[in-house]
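In my numbering, the protein residues as written are 470 to 573. The beta carbon of each residue, even a glycine, is placed where N, CA and C say it ideally should be.
Given below as structure tokens:
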């Protein structure tokens, strides 16, 4: 475990075992959030957004690339099909323009 990861674990353990009031615990949690955002190089709002998503959807909040959410695969397939259809339409438009000119 790296030094910063070890430090993060020590901070988290201290916060979890903190015997004082809710105000002190809140300050400790805020410190951990600040430390985490600095370590990850992300904005505070990003971390809060991730926490909100996790609170709402649990393990399904971040499925990863190997486990797309329900409907995402179908959406990807439909987008690809739409792109192919548009390309076919454009080819037919060009062919119609070419044949129309040759008949004049």
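Roughly how many whole angstroms lie between the Cα atoms of residue i and residue j?
i, j, result
"residue 557", "residue 528", "41 angstroms"
"residue 508", "residue 516", "12 angstroms"
"residue 532", "residue 562", "41 angstroms"
"residue 545", "residue 551", "10 angstroms"
"residue 506", "residue 540", "32 angstroms"
"residue 478", "residue 542", "37 angstroms"
"residue 521", "residue 564", "53 angstroms"
"residue 548", "residue 518", "28 angstroms"
"residue 499", "residue 525", "21 angstroms"
Measure how close the beta-carbons of residue i and residue j come, nearest whole angstrom, since I'm counting them as under 8 angstroms.
i, j, result
"residue 530", "residue 523", "5 angstroms"
Could you check if residue i is buried or exposed, using at least 16 other CB atoms within 10 Å of its CB as the buried criterion?
i, result
"residue 538", "exposed"
Restricting to runs no shorter than 3 residues, where is the beta strand (DSSP E) found entirely within the segment 513-537? Runs of beta strand (DSSP E) with 3 or more residues, each lying fully within the segment 513-537, are absent.
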